[in-house]
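Residue numbers (my numbering): 12 to 146.
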């Protein structure tokens, strides 16, 4: 058996489930898809993968990008999300620089933001048609 054709669920820790629900549904536009057995909220995308908001009480969060959403036009997506109150991060590091919130590499453009629970999220636009993700 392989997992090649199975849908994946990304699980994000949240301190305040109601606050996280508002962020993901109102600011990112993700629809509610149900509730897991443990009470975690399940949100979805049109593409099928699920996002599970798992309540935690110990402030556990990742120090790296937890999830990245692919968009067709990153500049338009940044404008739209900013209009809905999403605040993007800017970086000026030796290996990562943003201009108008967007980092451009040879193969993609990326913009990072945090959710209300301090999880680092990203939107990205592929710049080359031949991008292949290898496992």
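Backbone N, C-alpha and C fix where the C-beta goes; we use that ideal spot for every residue, glycine too.
Item	Value
Selected residue, minimal CA-CA separation from residue 73, among 54, 21 and 136	21
Per DSSP, cross-strand counterpart(s) of residue 24	65
Contact with chain B by residue 122, beta-carbon distance below 8 Å	Absent here is chain B; the protein component of the structure consists of one chain.
Inter-residue Cα distance where the pair is residue 60 and residue 128	21 Å
Residue 122, DSSP secondary structure in three states	strand
Reference residue 31, options 49, 86 and 53, closest by Cα	53
Rounded Cβ spacing between residue 23 and residue 77 (contact assumed at less than 8 Å)	6 Å
Same chain, Cβ closer than 8 Å to residue 98, neighbours up to 5 away in sequence not counted	124 and 125
From 95, 85, 93 and 28, residue whose alpha carbon lies closest to that of residue 68	28
Cα-Cα separation, residue 49 to residue 81	29 Å
Nearest candidate by alpha-carbon position, reference residue 70, set 130, 120 and 94	130
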